[in-house]
Amino acid sequence: MKQILLILALMMLCTTVLADDLRVSRDNFTYYMQPGTSINDVIEIRNETGSRQCIDVFTDTTDTELQVTRATDYFCLNNNETTEITFTIKPTNRISNGSYTAKAIFRFDSGEIQVPINVRIGETSTVNFEIPQESTCPESITIPIDFINRESKTKFISMSAQSEALLPTFSVEQFQLLDSQTRTAYLRLNTNQSFQAGEYAFQVTVEDQNNIIVKKGTLTIRNCNQSQNNQFDLSGPTSCVQLTPGESRTVYVSLENQSDHPIDFDFLIRSNRLSVSTPLHQFVLDEGEIRSIPVTLRISSGTTQDRFEATVEAEAFGNTQTITICAQTQGGIEATFLQDYINVLQGEDFTSTLQIKNTTNQTQNISLDFRSIGSAFDGSFSIDDFSISGNSTRNVTVTIRTPLNAPVGEQDIEVRVDSGSRTFDSTLHFKILENDPVNPQDRYLRFLSYPSNIDMNAGQIKRLTFIIENQYRNRLSNLTLSIENPPGYVSFEPVTGIVIDQNDVATVSGILRVDPNAPNQIARIRFVIENNQYQTSQTAEITTRQTGADPGNDPEPNPPGSSFWSSLVTFGNQNVFLIGLIILILLLLLAVSAFGGEPRQKERPAWLSNR
1 MKQILLILAL MMLCTTVLAD DLRVSRDNFT YYMQPGTSIN DVIEIRNETG SRQCIDVFTD
61 TTDTELQVTR ATDYFCLNNN ETTEITFTIK PTNRISNGSY TAKAIFRFDS GEIQVPINVR
121 IGETSTVNFE IPQESTCPES ITIPIDFINR ESKTKFISMS AQSEALLPTF SVEQFQLLDS
181 QTRTAYLRLN TNQSFQAGEY AFQVTVEDQN NIIVKKGTLT IRNCNQSQNN QFDLSGPTSC
241 VQLTPGESRT VYVSLENQSD HPIDFDFLIR SNRLSVSTPL HQFVLDEGEI RSIPVTLRIS
301 SGTTQDRFEA TVEAEAFGNT QTITICAQTQ GGIEATFLQD YINVLQGEDF TSTLQIKNTT
361 NQTQNISLDF RSIGSAFDGS FSIDDFSISG NSTRNVTVTI RTPLNAPVGE QDIEVRVDSG
421 SRTFDSTLHF KILENDPVNP QDRYLRFLSY PSNIDMNAGQ IKRLTFIIEN QYRNRLSNLT
481 LSIENPPGYV SFEPVTGIVI DQNDVATVSG ILRVDPNAPN QIARIRFVIE NNQYQTSQTA
541 EITTRQTGAD PGNDPEPNPP GSSFWSSLVT FGNQNVFLIG LIILILLLLL AVSAFGGEPR
601 QKERPAWLSN R
C-alpha cells in the first residue's frame, strides 16, 4: 500500500512547465557612415517562451543627431513564431565625427532584450573607397570607384547603390579583395534628357563581412544646350564573344536614330589586341531607323591570351556613345539557360535552370554572379560556388524575384560564370506582364462563404461547409483548409489536396470537434486555406456550452448503446477527485485485510477432545 501511495504522489509532482525565452539574432556589423546617409538594420526575434508574447519596441541613442527609427512600436508573437523588425539608422547632416551606440530594445512581460547598434562617423574601415564627384550632360554616365583592402587578409565584398532618381547599378556587385589589393568597380548612373540641371544625390553601401560602409555621392547635371532632336542609342552583345585563334567571327551592333529627323553618323571600332573591321564608317539614319552594323573580330593563331576587348564608338553632332565588346578564346566553360523567354506577372517569382558545361579535361572551380540584374529585380542561385569535373555538366537553379511594381515589358538578366582563368556570360530573357491593380491576396484566393458564428455543445461534432473562390489566373492545387492555433478544446480535421481551377469556386467541408470538457466560452478561431505559394484566412467566433447538445447536427451518429458509455466517460472526467478517493479507500481496506494475520482456530469441546 505504501508503494502505491508513493507512486501516486510522484505522479502528482511530475507536471513541469518548460519555458525558454525570447531570442534575437542579427549580423553583428559596425556601420561606418557619413552624415546624411541612411541604412536599414534588420533584427530577427523568435518566441521560445512556450506562450504568446506581446513585445514593446523602443530605441535609445547616445546622441540626438544619430536618428534611429523602428518599423513598429508593438507586436505579438505566438510560441515558436519568428519575425523581423527593421530599424533605420540615419545620422543627420549636423552630426560630429566619432563613435556612437544606439540600442534596439524589446520589452516583454518577464524582462527586456537590448541589442546594440554601433555606428562610426568620419572613420575609415579596413576596406576603403572614395566616390569621385562627377558632372555630365543629361545622359547616363559610368564612374570608376577604387576599393582598397587595408587589412592583411582576404575580404569578400558585396556592394549596392541607392538613389531615388538615378537608378544606379554596379558592373559587378560581389568580388574578392585580397590583402592590400586595390580593385576598381564601375557604377553606372542613368540619366536622360528629362533631367533638369542640378545636383542629384546617390549612396553606395559596401559590406565586407564585419563592417558596412555607407558613403554618399553627388552627380551634377549640366545644361549643355544640346539639341533635343539629336538622340540615338548604340547597343551591342552583352555576353563575351567566343573566338577560335586563327578564325574570324562577325557580331552585330545596333544603332537607333531616336530623333525626328535624319542624322549623319561617324562610326569607329578599335582594339589593341584584336583584329577588327566593319564595312560602315559614315552613314545616315532616317527618323526612327534602326540599323544592325556588322563587326568582324579575329584572333591571331597561336594566341595564348584569354580575354580581349574592342571599343565601338558612334558620333553625331558632337554627341558620342561608346560600348565595349568582350571576346575570349573558345573552350573551357559554357553556360545555357534551359528555360528562356519566360512570361511572368508583376510580383511573381520564377526559376530557370542554368546548365554549365566544362569542356576541358580538368576539374574547374566555378563561381556564379549576376553581371547585370537591374535595380528592380532580385536573384539567387541554388549554389554559387562549386567544382565541376572535366567534360561534365552541372545544373543550377536560378531564382528571380520581381516586385509588384516591376517594369512591364521585355527584360533580361545576365549571369557570369567564372572559372578563375576565364568567364562566360549567359543571358536569361523574360517578359513582365501587367498585373491587375488589386490586392494580390484578394485576387488569388478568398472565402466566398464560411461559418462565421458557430454554436456547439461540449462533446459535439459538426460538419462545416466553405465555398472558396480562386480569382488567380492559374489553377491552384495542393490547397489545405485548416484552423490556425485553435483553443485546446477545439479540433478541426485539415482538408488536404484541394484543387480549384482558375476563375472558379470549390465547395469544401470539414469536421469540427469540441472536447467533452470544453468550457462555457466564446472564442475566436481563424480558418486558413493555403498552399506553398498563396494563403488567405477568415476569422470566426465559436460558442461552446456544457449542456443542450443537439445530436441532430452530429454528422457521425453514435452507435446503439454508446450513450451509456459516453455518459459514464463524461461522469468520470467531471468527478476525477471523487473516483480517486473511492479507489484509495478500497486499496486501504484491501491492505488492512491482507496484513491482519490468519484467523484463530476455535477450541474443540472437551467431549470431542477425548475421542
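Per the UniProt record's numbering, the very first residue in the sequence shown carries number 1; after that it's consecutive.
Using N, Cα and C, we set each Cβ at its ideal position, and we do this for glycine too.
I need the boundaries of the beta strand (DSSP E) containing residue i, first residue and last residue.
i: residue 21; result: Taken as a continuous stretch (DSSP letters only), residue 21 belongs to no beta strand (DSSP E), as it is neither H nor E.
i: residue 286; result: From DSSP, residue 286 is part of no beta strand (DSSP E); its letter is neither H nor E.
i: residue 116; result: 111-121
i: residue 257; result: 248-257
i: residue 264; result: 263-270
i: residue 191; result: First-last for residue 191: undefined, no H or E at that position.
i: residue 100; result: 98-108
i: residue 464; result: 461-470
i: residue 523; result: 521-530
i: residue 342; result: 342-345
i: residue 404; result: Neither: residue 404 is in no beta strand (DSSP E) and is coded neither H nor E.
i: residue 507; result: 504-514
i: residue 424; result: 423-433
i: residue 536; result: 535-545
i: residue 416; result: 409-418
i: residue 67; result: 66-70
i: residue 484; result: 476-484
i: residue 379; result: 378-381
i: residue 177; result: 174-177
Give me the DSSP bridge partner(s) of residue i.
i: residue 613; result: Nothing can be reported for residue 613: it is not among the residues displayed for the chain, which extend from 1 to 611.
i: residue 34; result: DSSP lists no partner for residue 34.
i: residue 186; result: 144
i: residue 149; result: 127
i: residue 336; result: 355
i: residue 326; result: 309
i: residue 161; result: 204
i: residue 212; result: 31 and 207
i: residue 41; result: 87
i: residue 46; result: 23 and 82
i: residue 395; result: 355
i: residue 169; result: 188
i: residue 386; result: 366
Take residue i and list the residues in its own chain whose beta-carbon comes closer than 6 Å to its own, dropping the five residues that flank it on each side.
i: residue 442; result: Its pLDDT being 47, under 50, residue 442 is placed unreliably in this model, and the coordinates cannot settle the point.
i: residue 566; result: With a pLDDT of 45 at residue 566, under the threshold of 50, the modelled position of that residue is not reliable, and no figure is offered here.
i: residue 151; result: 126
i: residue 563; result: Residue confidence is low: residue 563 scores 43 on pLDDT, short of 50, so the model does not pin down where it sits. Its coordinate-derived value is still stated next. Excluding residues within five positions, none has a Cβ falling inside 6 Å.
i: residue 341; result: 429
i: residue 194; result: none
i: residue 515; result: 489
i: residue 153; result: 179
i: residue 561; result: Only weak support is given to the placement of residue 561: the predicted model assigns it a pLDDT of 44, under 50, and the value that follows is read from those uncertain coordinates. Within the same chain, residue 561 has no close Cβ partners at all.
Pop quiz: residue i and residue j are said to be a contact at Cβ under 8 Å. What is the actual Cβ separation, rounded to whole angstroms?
i: residue 335; j: residue 424; result: 5 Å
i: residue 57; j: residue 73; result: 5 Å
i: residue 60; j: residue 105; result: 6 Å
Output yes or no for whether 7 Å exceeds the beta carbon distance between residue i and residue j.
i: residue 174; j: residue 158; result: yes
i: residue 484; j: residue 511; result: no
i: residue 231; j: residue 258; result: yes
i: residue 209; j: residue 129; result: no
i: residue 75; j: residue 55; result: yes
i: residue 97; j: residue 121; result: yes
i: residue 277; j: residue 254; result: no
i: residue 401; j: residue 349; result: yes
i: residue 338; j: residue 362; result: no
i: residue 170; j: residue 189; result: no
i: residue 472; j: residue 518; result: no
i: residue 119; j: residue 33; result: yes
i: residue 23; j: residue 52; result: no
i: residue 537; j: residue 526; result: yes
i: residue 612; j: residue 239; result: One cannot answer for residue 612 here, as it falls past the ends of the chain, which runs 1 to 611.
i: residue 267; j: residue 314; result: yes
i: residue 184; j: residue 144; result: yes
i: residue 160; j: residue 202; result: no
Can you list, in chain order, the residues of its chain whose CB lies under 8 Å from that of residue i, leaving out five sequence neighbours each side?
i: residue 370; result: 173, 379, 413, 414, 415 and 416
i: residue 78; result: 47, 52 and 485
i: residue 475; result: 499, 500, 501 and 502
i: residue 446; result: 468, 469, 471 and 536
i: residue 12; result: Below a pLDDT of 50, predicted positions are generally treated as unreliable, and residue 12, at 35, falls in that range; the measurement from the model is reported next regardless. For residue 12, where only same-chain residues beyond five positions count, there are no Cβ hits under 8 Å.
Can you give me the Cβ contacts of residue i inside the same chain, cut-off strictly under 7 Å, excluding the 5 residues immediately before and after it?
i: residue 403; result: 347 and 376
i: residue 434; result: 346 and 408
i: residue 556; result: In this predicted model, residue 556 has a pLDDT of only 44, less than 50, meaning its place in the structure is not dependable enough to derive any value.
Any heavy atom of the ligand MG closer than 6 Å to the beta-carbon of residue i?
i: residue 455; result: Because no ligand of any kind appears in the structure shown, any question about the ligand MG cannot be addressed here.
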